[in-house]
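> Respectively, the protein sequence lines represent chains A and B.
Using our numbering, the letters of the first sequence map in sequence onto residues 1 to 348.
Using our numbering, the letters of the second sequence map in sequence onto residues 1 to 257.
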Amino acid sequence: MRLLSPSRLLLILACSLFPLALLALMMGPVFISPMSLLHAALDHSGFSGSGASSQDGLILYSIRLPRVLLAGLVGVCLAVCGTAMQGLFRNPLADPSLIGVSSGASAGASLMIVMGGGALLQGGQFAGLSVVALGAFAGGFLAVIVVYRLATSSSGTSVATMLLAGIAISALAGAFNSLLAFVADDEMLRRISLWQMGSLDAANWPRVGIATFAVVIVMLVLPRQGAALNAFLLGESEARHLGIAVDVVKRRLILMTAMAIGVSVAVAGTISFVGLVVPHIIRLLIGPDHRYLIPASALAGAMLLIVADAFARVVVAPAELPAGILTALLGAPFFLSLLLQRRRTGAH
Amino acid sequence: MSLSAQNLSLTLSHTPLLEGVNLDVRPGSITTILGPNGAGKTSLLRVLVGELTPDVGSVSLNGKLLKSWSPLQRAKTLAVLPQHSLLDFPFTAAEVVMLGRTPHDTGAARDREIVQHALLSVDGDYLAGRIYTQLSGGEKQRVHLARVLAQIWEPTAEGERYLVLDEPTSSFDLAHQKLTLEIVRNLAGKGVGILMVIHDLNLAARCSDTMFLMQCGRMVISGTPHEVLQRETISRVFQVEASIGVHPHSGTPLVIT
Chain A
1 MRLLSPSRLL LILACSLFPL ALLALMMGPV FISPMSLLHA ALDHSGFSGS
51 GASSQDGLIL YSIRLPRVLL AGLVGVCLAV CGTAMQGLFR NPLADPSLIG
101 VSSGASAGAS LMIVMGGGAL LQGGQFAGLS VVALGAFAGG FLAVIVVYRL
151 ATSSSGTSVA TMLLAGIAIS ALAGAFNSLL AFVADDEMLR RISLWQMGSL
201 DAANWPRVGI ATFAVVIVML VLPRQGAALN AFLLGESEAR HLGIAVDVVK
251 RRLILMTAMA IGVSVAVAGT ISFVGLVVPH IIRLLIGPDH RYLIPASALA
301 GAMLLIVADA FARVVVAPAE LPAGILTALL GAPFFLSLLL QRRRTGAH
Chain B
1 MSLSAQNLSL TLSHTPLLEG VNLDVRPGSI TTILGPNGAG KTSLLRVLVG
51 ELTPDVGSVS LNGKLLKSWS PLQRAKTLAV LPQHSLLDFP FTAAEVVMLG
101 RTPHDTGAAR DREIVQHALL SVDGDYLAGR IYTQLSGGEK QRVHLARVLA
151 QIWEPTAEGE RYLVLDEPTS SFDLAHQKLT LEIVRNLAGK GVGILMVIHD
201 LNLAARCSDT MFLMQCGRMV ISGTPHEVLQ RETISRVFQV EASIGVHPHS
251 GTPLVIT
């Protein structure tokens, strides 16, 4: 039996997202009280008339707020694309990294770090993205396109081939990445490994803008594929017999995932487990109907990453942990407990 | 108006699977395909529903080439029940049946009504809220039967409806085998064209209007059960000696091996 009705879960998630985000705004090396949060908000919107920005206001506006927003947006991308991939592969253990996007992005970023050296890294900015971030986006997108092309023939796209091609391309990108790490000097090596841990500390307004763009497109396209994804779970032939244009839907899902995960990796590095765990938990609560699973995962993904990033800022304050380490640290044991529970009950 | 195949030939990696096969499924009648393992029954079915493209010949649905139908239009007139389902996600049984309404836009209320009736007709109304992955094999198959029934529940503007079933009774007990045949007979009575692959010759004899007997990718004989189920034909095609009796109630041929 289901634990919650889909509409109730959506309501709960929607109602708790905003308070959680407010809480995350207060948390950090400098604690910001609810009152100064209110003051800063009034200052910024020009209601109080004092004009002078307080220090809290400055922290909020130029550091905390873009960071919380970016965490939420990246969380949406990861969770929604995870849902789409699990539906496409008919496997609740699937993840966007299956189609090579994460390892491709890592290789792209490493290449930029090693090739770019000092000059590019200091000065090379484009629309608020560093050259490294652009390299990550290009690498991730390229890897997915190669995987998709390898799996597509005149008779359509084979999901099984895509899985295998994804493994192969990931291995290739991983080897390339190791090669780059091998030739890199100590400073580059540190950058490479930090980048791969995934963190939101480079959040700024241009990055928020880019991530918003990605989220808007993904949320315009993917929720409409809900019925098609449900039919996919029966198998591709059955989906076709139910009137779904299977290859069109597949191409859409792959493109959206490549774009959204590419962007999120570019702005925040590789953050693991959100794409895997969030749809899984939501499915446990409301069942596998993608018409609700996609919006609910979007909200839950945003919440999870906002919370994880808030903790990343305070656990070892004044230093901070990369959020990617935290999601993996929390996500892996949680996921294992789900697996064990599933083995015990025989249910999914 | 019919679902018909003209002169189909299909070769996959140098193995001929179908050679010069003709078949016609008329609305309101039950057509069955019989034959030993490897005779090409499933290949024929897959060509007929558009999963495989024949090398030679063509398939037409209601007078129009099958491949020129849009997926959505085709789904409104042609439903397919596979032998096995890959579904491995915890939908409720009612949600699985609801998937059959995917191609239609009749509205949620009407769809729920149809789902309920479809489940009831397969003796599965008690399954509605149960989780699909926890059902027995026979129950799962009944849920899928209800799903394809829901898909072609009402007449559509796209033309006559057809239901294609691959061994629908293989995982059923006797009572549900009988129920399936009744459902199919009932549907045919409403003008739906039925095509079934079936292994049990006696079940086939009970329900078929027309039988097609296949061997090694070719059509051996077609006709009424009495015409097809002859002693010599059966021993030639299935390599077993059989006597043919008459069913005491229905009067259809009874194959005793």
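The C-beta atom is built at its ideal place from N, Cα and C for all residues, glycine as well.
Owing to the predicted nature of the structure, the values given are computational and were not obtained by experimental measurement.
1. May I ask you to report which of helix, strand or coil DSSP gives A/Ala52?
2. Within 10 angstroms of the Cβ of A/Gln341, are there 16 or more other Cβ atoms? Answer buried if so, exposed if not.
3. According to DSSP, B/Arg218 sits in a beta bridge with which residue or residues?
4. Would DSSP call B/Glu160 helix, strand or coil?
5. Locate the alpha helix (DSSP H) running through B/Leu42, then write down its first and last residues.
6. Please confirm if the stretch 63–78 of chain A is in contact with the stretch 131–138 of chain A, defined as three or more CB-CB distances below 8 Å between the two stretches.
7. The beta strand (DSSP E) with A/Val249 in it runs from where to where?
8. Nearest to B/Pro225 by CA position, among B/Ser235, B/Met219, B/Phe238, B/Met211, is which residue?
9. Quick one: Cα of A/Leu88 to Cα of B/His84, how far?
10. When the Cα atoms are used, what is the spatial distance from B/Arg73 to A/Arg90?
11. I need the DSSP call for A/Ser237, collapsed to helix, strand or coil.
12. Taking A/Cys77 as the reference, which of A/Ala319, A/Ala268, A/Asp309 has the closest Cα?
13. Should B/Gly251 go down as buried or exposed, given a rule of 16 or more other Cβ atoms within 10 Å for buried?
14. Say whether chain A places a C-beta atom closer than 7 Å to the C-beta of B/Glu271.
15. Closest by CA to B/Glu167, which one among B/Thr31, B/Ile256, B/Glu113?
16. Between the stretch 79–93 of chain B and chain A, which residues of the former have a C-beta closer than 8 Å to a C-beta of the latter?
17. Can you find the residues in the same chain that come closer than 7 Å, C-beta to C-beta, to A/Ser158, ignoring five residues on each side of it along the sequence?
18. Does the stretch 323–331 of chain A touch the stretch 196–204 of chain A, meaning 3 or more C-beta pairs lie closer than 8 Å?
19. Let me know the alpha helix (DSSP H) ranges lying completely inside the stretch 119–207 of chain A, each 4 residues or longer, listed in chain order.
20. Would you mind stating whether B/Ala205 and B/Leu229 have Cβ atoms separated by less than 7 Å?
21. Is it the case that the Cβ atoms of A/Ala24 and A/Ala310 are separated by a distance below 7 Å?
22. Taking one C-beta from the stretch 25–42 of chain A and one from the stretch 213–230 of chain A each time, how about it: are there three or more such pairs within less than 8 Å?
23. Can you tell me the Cα-Cα spacing of B/Gln116 and A/Gly166, whole angstroms?
24. Examine the Cβ distances between the stretch 145–155 of chain B and the stretch 95–111 of chain B and report whether three or more of them are shorter than 8 Å.
25. Can you name the residues of chain A whose CB is closer than 8 Å to the CB of B/Pro103?
26. So with Cβ pairs under 7 Å, would you call A/Ser97 a contact of chain B?
27. For A/Leu304, collect the residues of the same chain with a Cβ closer than 7 Å to its Cβ; drop the 5 residues on either side in sequence, then sort them by chain order.
28. In whole angstroms, what separates the C-alpha of A/Gly51 from that of A/Gly57?
29. CA-CA distance, B/Ala150 and B/Asn22?
30. Quick check on DSSP: helix, strand or coil for B/Lys64?
31. Compute the distance between the beta-carbons of B/Ile244 and B/Arg231, then report whether it is under 7 Å.
32. By how many angstroms is the C-alpha of A/Cys15 removed from the C-alpha of A/Phe368?
33. Taking B/Glu113 and B/Leu127 to be in contact with their CB atoms under 8 Å, please state how far apart those CB atoms are, rounded to whole angstroms.
34. According to the Cβ coordinates, are B/Leu18 and B/Ser43 closer than 7 Å?
35. Could you name the residues of chain B that A/Ala107 contacts, counting a contact when the two beta carbons are closer than 9 Å?
36. Let me check one thing: in DSSP terms, what residues is B/Ser9 bridge-paired to?
From the atom records:
1. Bear in mind that a pLDDT of 49 at A/Ala52, under 50, signals an unreliable position, so the model cannot answer this.
2. By the 10 Å Cβ count, A/Gln341 comes out exposed.
3. In the DSSP output, where bridge partners are listed per residue, B/Arg218 has B/Gln215.
4. In the three-state reduction of the DSSP assignment, B/Glu160 falls in the coil class, being assigned neither a helical nor a strand state.
5. The residue asked about is misnamed: residue 42 of chain B is Thr in this sequence, not Leu. DSSP places B/Thr42 in the uninterrupted alpha helix (DSSP H) bounded by 41–48.
6. The stretch 63–78 of chain A, when compared against the stretch 131–138 of chain A, does not touch it at the 8 Å Cβ threshold.
7. It is not in any beta strand (DSSP E) - A/Val249 instead sits in the alpha helix (DSSP H) that spans 246–268.
8. With distances taken between Cα atoms, B/Pro225 lies closest to B/Met211.
9. Rounded to whole angstroms, the separation of the alpha carbons of B/His84 and A/Leu88 is 19 Å.
10. For clarity, residue 73 of chain B is Gln in the given sequence; the question names Arg instead. Taking the straight line from one Cα to the other gives about 25 Å.
11. Under the three-state reduction of DSSP output, A/Ser237 falls in the helix class.
12. Nearest Cα to A/Cys77 within the set A/Ala319, A/Ala268, A/Asp309: A/Ala268.
13. So B/Gly251 ends up on the exposed side.
14. No statement about residue 271 of chain B is possible, as the shown extent of chain B runs from 1 to 257 and does not include it.
15. Per the Cα distances, B/Thr31.
16. So the list reads Ala79, Val80, Pro82, Ser85, Leu86, Leu87, Asp88, Phe89, Pro90, Phe91, Thr92, given in the order they occur along the chain.
17. For A/Ser158, where only same-chain residues beyond five positions count, the Cβ hits under 7 Å are Ala151.
18. Yes, since at least three Cβ pairs between the stretch 196–204 of chain A and the stretch 323–331 of chain A fall closer than 8 Å, the two stretches touch.
19. Fully enclosed alpha helix (DSSP H) runs of 4 or longer: 131–151, 159–183, 186–197.
20. Yes, they are a contact pair.
21. Cβ atoms of A/Ala24 and A/Ala310: closer than 7 Å.
22. Contact fails: fewer than three Cβ-Cβ distances are below 8 Å.
23. Their backbone Cα atoms lie some 42 Å apart in a straight line.
24. Output reads yes: the stretch 95–111 of chain B touches the stretch 145–155 of chain B.
25. Within chain A, the residues near B/Pro103 are Leu242, Gly243.
26. Judged by the 7 Å Cβ criterion, A/Ser97 is not in contact with chain B.
27. So the qualifying residues of the chain are Gly75, Val274, Val278.
28. A caution first: A/Gly51 carries a pLDDT of 48, below 50, which makes its placement in the model too unreliable to give a value.
29. CA-CA distance, B/Ala150 to B/Asn22, rounds to 29 Å.
30. In the three-state reduction of the DSSP assignment, B/Lys64 falls in the strand class, which pools E and B.
31. Cβ atoms of B/Ile244 and B/Arg231: closer than 7 Å.
32. Residue 368 of chain A is absent from the structure shown; chain A starts at 1 and stops at 348.
33. With a Cβ gap of about 17 Å, B/Glu113 and B/Leu127 do not count as contacting.
34. Yes, these two residues count as a Cβ contact at 7 Å.
35. The premise fails here: A/Ala107 is roughly 33 Å from chain B at the closest Cβ pair, so nothing lies under 9 Å.
36. Answer is B/Val56, bridged to B/Ser9.
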